[in-house]
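Okay, so here's the structure we're looking at.
Protein chains: 2
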Amino acid sequence: MHAELSTHTLSSVPALALRAGRPGAARQAGLTADPLGVDGVKMSYGRNEEIFGEGEPAVNLYRVLKGVVRTYRILADGRRQIAEFFLAGDVFGLEAGQDHRTSAEAVSDCEVVSIRRSQLAERAMADSPTGHKLWGLTLHHLRRSEEHMLVLGRKNACERLAWFILDMSERIPAPDRVDLPMSRQDIADYLGLTIETVSRTMTQLQDEAVISLPSCRQVVVRDRRGLSDLAA
Amino acid sequence: MHAELSTHTLSSVPALALRAGRPGAARQAGLTADPLGVDGVKMSYGRNEEIFGEGEPAVNLYRVLKGVVRTYRILADGRRQIAEFFLAGDVFGLEAGQDHRTSAEAVSDCEVVSIRRSQLAERAMADSPTGHKLWGLTLHHLRRSEEHMLVLGRKNACERLAWFILDMSERIPAPDRVDLPMSRQDIADYLGLTIETVSRTMTQLQDEAVISLPSCRQVVVRDRRGLSDLAA
DNA sequence: CGTCTCATTGACACCCTTCAAACGAAGTGG
DNA sequence: CCACTTCGTTTGAAGGGTGTCAATGAGACG
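Going down the list, the sequences are from chains A and B. Numbers -2 to 229, taken from the working numbering, label the letters of the first sequence in order. Numbers -2 to 229, taken from the working numbering, label the letters of the second sequence in order.
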């Protein structure tokens, strides 16, 4: 039923280890009934092995049977923010859209059940349009808060503010003239900064000519590309 | 410490502000069909007026019609972390459990539709147990990531690590002897710190006798109360 | 025009990062 | 069994980014 070969065992056997440490080399090991009421496929992953990568189509949902899994995002320069650790019993891989917004890796050797998303969707959504919409909303919030975590955990003041202005500008009708509805204190508390740092960084962005500030509540995006670069 | 309720507005426009600026003074203004397919009640809130508070029973879901809403959490010493700003069209107030885990306030004067949760639950959950479970899982993740945001945005290294150890200890069978499955680098990337700071803070916690470290992967919780206090 | 609130700017301190080196445990090969 | 290597962790010293404290500036409103 279950292949008794742990990846750890494998790694002491050079010939096989090559396959175990490589993404996609995880082995299918049997069928398991899931608490969600859908059968899944049992898989094994070695330490640091990738389970899915950012940007890949999200075809499966996963539940941890043994071991620990981390999900994370990485910035261009290598800074990494781990969103969550998943222990035995935890479900991960929930996504609002078609693709994974985070990567997932095995922290230790582990076993997971993978469940086809389409199988769940078919059961969960078909019956109840209201439930489906609610779920979609929640996934959307989750996605945003994972992005927010990356910002809070790994970005500096300039990157945070650039990201904030871009985000706000994309959520309103006229994207190049942002009327900030909130105070500096609100922005500071959203970005995990102080009001003074927000203020200083605002003028710094203005000095660098990526934005201009007709008033403290109005931001004009002068160089969207430049702002985007600064957001890292 | 932070923005007081709109007493300022009150003194400026006495007649109107009395109704608009006082918590609980929001006015019911009519019925509106919601995109979720359920009728809701239209409400108005003045600037800085509370829509719901942390710890209150979560009876309603809300959708913003006009204005902007913020949700946030506050630490004992007043540090605030805003989780999200909600603009027109956005839905907020989703909760995994019975109670609100955040507070919500009007950033500007705004109108929202409030929808009874029970009305939605009745439609969303009854039909599809799978969907209900999926939704519950997603809400659980959302709740955790909002907590995570508070930690990343507003806590220092010592508070972050104390929180992390407590959280891990509560997720495993033997809560006083935590076997960390992850490396210092993983912990650092989870807490938005560097590996050196994590290491230094670990020994600091050991020096203060709230934990002991038989090995670098084993944490013994010696003073749970003390650790809890340090977690702020 | 005075008051109030919020935003900006400056000087300084401190927490955390960066850079660097030593230490320890685990695995390998002789 | 013991050097040797490797990887992860710990510790130290120095620097920088952001917070803190304080003063000034700018709108809003009466």
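Don't be surprised by glycine CBs; every beta carbon is placed ideally from N, CA and C.
For the region 88 to 111 of chain B, residues whose beta-carbon sits nearer than 7 Å to a beta-carbon of chain A comprise Val88, Leu91, Val104, Ser105.
Judged by beta-carbon spacing, Arg60 (chain A) lies beyond the 8 Å limit of Ser105 (chain A), meaning their Cβ atoms are not closer than that value. Annotated as distal: Phe49 (chain A) and Val65 (chain A), with beta-carbon spacing of 8 Å or more.
Pairing Gly34 (chain B) with Leu134 (chain A), the inter-Cα distance amounts to about 14 Å. Unbroken alpha helix (DSSP H) runs of no fewer than 4 residues, entirely contained in the region 149 to 173 of chain A, are found at 154 to 167, following chain order. The residue from A:Leu158, A:Asp186, A:Val88, A:Asp183 with its alpha-carbon nearest to that of Gln201 (chain A) is A:Leu158. Proximity of chain B to Ile79 (chain A) at the Cβ level (cut-off 7 Å) is accounted for by Asp183, Asp186, Tyr187, in chain order.
Interface residue (Cβ-Cβ distance to chain B less than 8 Å): Lys130 (chain A) is classified as such.
Rounded to the nearest whole angstrom, the CA to CA distance from Leu188 (chain A) to Ile162 (chain A) is 11 Å. Between Gly52 (chain A) and chain B, the shortest Cβ-Cβ separation is not below 8 Å.
Leaving aside the five residues that flank Arg77 (chain A) on each side, the residues in its chain whose CB is nearer than 6 Å to its CB run, in chain order, Tyr69, Ile71. Going by DSSP, Glu102 (chain A) is part of the beta strand (DSSP E) stretching over 100 to 103. If you ignore the 5 residues before and after Thr194 (chain A), its C-beta comes within less than 8 Å of the C-beta of Ala154, Ala185, all in its own chain and listed in chain order.
Along the region 62 to 118 of chain B, the beta strand (DSSP E) occurs as fully enclosed runs of 3 or more residues at 66 to 71, 77 to 83, 100 to 103, 107 to 113, listed in sequence order.
For Gly37 (chain A), the enclosing beta strand (DSSP E) has its first and last residue at 36 to 42. Chain-ordered listing is empty here: chain B has no CB closer than 9 Å to the CB of Thr198 (chain A), the nearest sitting near 16 Å. Using beta-carbon distances, Val65 (chain A) counts as an interface residue toward chain B, with a partner under 8 Å. Under the Cβ criterion of 8 Å, Arg214 (chain A) is not counted among the residues facing chain B.
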